[in-house]
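Quick note on numbering: the sequence shown equals residues 2 to 451 in this note's numbering.
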Amino acid sequence: MNSPRQVVEKIIFGDYVLTMDETRPNISDGAVAIDQGRIVAVGCAHDVRGKFTSNTEYSGTDTVVLPGLVNGHTHAAMTLLRGYSDDIPLMEWLNEHINPIEAAVVSEEFVRVGTQLACWEMIRGGTTTFVDMYFFHEVAASVVDEIGIRGLISATVVDQPRNDAVDIDDQWTQANEFIQKWTSKNQHTTVRPVLGGHAIYTLNQAQLIQLRELALEYELPVHIHLAESQFESNYSKTTYGNTPINFLASIDFFDSHVIAAHVIWSTAQEIDILAHYNVGVIHNPTSNTKIASGIAPVAAYLDAGVTVGLGTDGAATNNDLDMWEEMRLAAYLQKVTKMDPTVLPAKVVLELATSKGAEAIGLGSEIGTLREGMRADVIQVDLKNAHQLPMYDVESHLVYATHASDVKRTFVDGQCLYDDGDYLTFDPKSVRRQVTLVSNTIRNCQKNLY
């Protein structure tokens with residue numbers, strides 16, 4: 002007699018299921034069974050149907066199912082500064098354009114609306130997890146918690162004036178309170194608190210050591226910009242007599258897990274340091290090329306065993322949060338830099354956006370692959386649009402032909418956030434109205450600044 006089938010919350014089908022799990026990477030005519038926010042089965046549709054049943058099933062016709070994308074570095078609320086100041090070198094852009102407008106307009110409302118807009122964009126494009134660094138982190142965390150996307154929200158410390166803190170001592174106090182609050186909610190929220198240090202040129206050595214100590218105390222990652230520009234390299238050599246990565250290694254900064262954004266200007270010896278300390282390097286190809294910061298040596302990082310993920314950076318330098326674009330550009334830049342079309346093939350690029358990206362931010366045991374017991378962060382992507390026909394290789398198709406608009410459904414912890422045109426945890430029309438109001442304020446402030 003056959004055993005009764007187990008009832009689960011939902012089953013997602015796909016013509017293809019890409020697990021990003023080396024033990025069983027690609028499944029034709031597959032399915033993923035989900036219950037209580039976790040994956041309970043991954044396999045051929047026939048086998049899953051034989052063991053599980055659900056009142057909520059999602060057809061897999063003309064789709065591929067894969068893990069949700071991981072955006073390893075962004076400044077979510079800066080979606081409101083999308084296109085505000087383009088075609089300008091990094092430090093000029095930051096000091097003469099972005100810092101002044103942020104001082105004038107950044108508020109709780111700015112961060113609330115900007116983060117909502119970012120979550121809307123990311124959910125639509127299949128990003129299920131992002132790592133954020135900005136001001137009013139408590140507000141950003143509340144938005145993430147309400148919408149249901151997964152967010153690693155940085156309690157960021159920067160030795161500069163900011164609208165959400167009296168001084169840097171207040172920033173340290175806020176960081177402690179934020180971490181304690183959201184850590185206590187860990188089992189009941191998609192928010193993960195992390196520590197953020199803006200950069201080695203906005204924190205002094207004592208502050209960076211204090212940041213490291215706090216990270217070790219709470220056993221949390223540190224999210225920091227690192228080796229992003231030639232300015233930073235020159236600053237580090239002048240101030241500390243060393244290059245940025247060597248300097249941080251000299252103060253044992255990498256004793257905690259570090260999520261390092263950009264990491265463009267590294268030496269061969271420093272690449273070994275990154276690998277030795279398992280630093281999570283987040284490559285942001287669109288932002289880096291647009292501001293002409295440089296091209297990170299990703300192929301060399303991977304050859305050395307460095308853990309690499311992908312990020313968009315903020316929409317003020319990108320100008321979107323589209324991880325499919327990041328995948329394509331990451332591959333193209335390494336191929337043309339090395340003059341070798343075999344470098345960074347599609348399968349590897351998909352890993353950077355999923356499984357390796359999850360490892361880079363310290364969540365590799367929970368997300369980034371589709372296998373039993375993992376959190377059910379899953380996306381379903383259409384394969385029937387004109388730019389995807391015909392198809393011979395599904396991995397190649399995803400990296401070189403797929404757009405954010407091809408994402409059909411987005412799930413986080415098994416909850417469907419986007420369902421083929423419908424947003425189930427927020428109202429896009431309301432967000433659009435609020436964006437219009439805030440952007441009008443930004444325009445008026447811009448007139449007064451210039």
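For every residue, glycine included, the Cβ atom is placed at its ideal position computed from N, Cα and C.
On a predicted model such as this, the values are computed, not experimentally measured, just so you know.
Given this structure, state the Cα-to-Cα distance separating residue i from residue j, to the nearest angstrom.
i	j	result
S465	P194	The chain is shown only over 2 to 451; residue 465 falls outside these bounds and no answer can be derived.
I447	L334	The residue you asked about is not Ile; residue 447 is Gln in the sequence shown. If you take the alpha carbons of Q447 and L334, they lie about 35 Å apart.
G1	E147	A query on residue 1 cannot be resolved here, the shown segment of the chain reaching from 2 to 451 and no further.
K409	K348	21 Å
T268	T203	22 Å
L275	V307	6 Å
T370	H258	21 Å
I99	V112	15 Å
V8	Y85	51 Å
W293	D273	Position check: residue 293 holds Ala in this sequence, whereas Trp was assumed. Rounded to the nearest angstrom, the two C-alpha atoms are 25 Å apart.
D323	Y419	16 Å
D407	N96	37 Å
Q331	P5	Looking at the sequence shown, residue 331 is not Gln but Ala. About 47 Å.
A405	G127	7 Å
K385	L91	40 Å
V140	E178	13 Å
T190	G149	8 Å
V41	A32	11 Å
D341	A300	11 Å
V436	T442	10 Å
A216	V114	29 Å
E396	N449	50 Å
L249	Q172	21 Å
Q231	T426	42 Å
D170	L212	12 Å
H224	R444	31 Å
S143	P391	43 Å
V18	F254	39 Å
D133	Y401	27 Å
L438	T411	28 Å
N320	S288	8 Å
P101	I260	27 Å
Buried or exposed: residue i, going by 16 or more other Cβ atoms within 10 Å of its Cβ?
i	result
V167	exposed
M375	buried
K182	exposed
E327	buried
T62	exposed
H226	buried
Y393	exposed
M2	At M2 the pLDDT is 48, less than 50, meaning the model places this residue with poor confidence; the figure from the coordinates comes in the next sentence. Burial call: exposed.
P1	Beyond the ends of the chain as shown, which are 2 and 451, falls residue 1; an answer cannot be given.
E23	exposed
D87	exposed
L196	buried
R83	buried
A228	buried
K186	exposed
A387	exposed
Q175	buried
N243	exposed
T343	exposed
D378	buried
Report the CB separation of residue i from residue j in whole angstroms; it is logged as a contact under 8 Å.
i	j	result
F131	N164	Not a contact, Cβ separation roughly 22 Å.
G38	D414	4 Å
E10	D48	That belief does not hold up - the Cβ atoms of E10 and D48 are roughly 19 Å apart, past 8 Å.
T355	V382	Actually they do not touch by this definition, with Cβ atoms about 12 Å apart.
D160	Q208	6 Å
T129	G69	3 Å
For residue i, is the beta carbon positioned less than 7 Å from some heavy atom of the ligand MN?
i	result
I265	No copy of the ligand MN appears in this structure; indeed no ligand is present at all.
For the stretch 118-127 and the stretch 423-438, state whether three or more C-beta atom pairs, one from each stretch, are separated by less than 8 Å.
yes
Can at least three beta-carbon pairs, one atom from the stretch 304-319 and one from the stretch 63-78, be found at a separation below 8 Å?
yes
Any contact between the stretch 11-23 and the stretch 54-72? By contact I mean 3 or more CB pairs, one from each, below 8 Å.
yes
In chain order, each alpha helix (DSSP H) run of at least 4 residues that lies wholly inside the stretch 170-257:
206-219, 231-241 and 245-251
Per the contact definition of three or more C-beta pairs closer than 8 Å, is the stretch 199-214 in contact with the stretch 227-242?
yes
Please give the ranges of any beta strand (DSSP E) in the stretch 40-71, keeping only runs that are unbroken, at least 3 residues long and fully inside the region.
64-68
Could you name each continuous alpha helix (DSSP H) segment of 4 residues or more that falls completely within the stretch 299-381, going from the start of the chain to the end?
299-304, 324-339, 347-354 and 356-361
Length-filtered (4 minimum) alpha helix (DSSP H) runs lying within the stretch 112-152:
138-148
Report the start-end ranges of each alpha helix (DSSP H) in the stretch 83-109 that is 4 residues or longer and not cut off at the edges.
100-106
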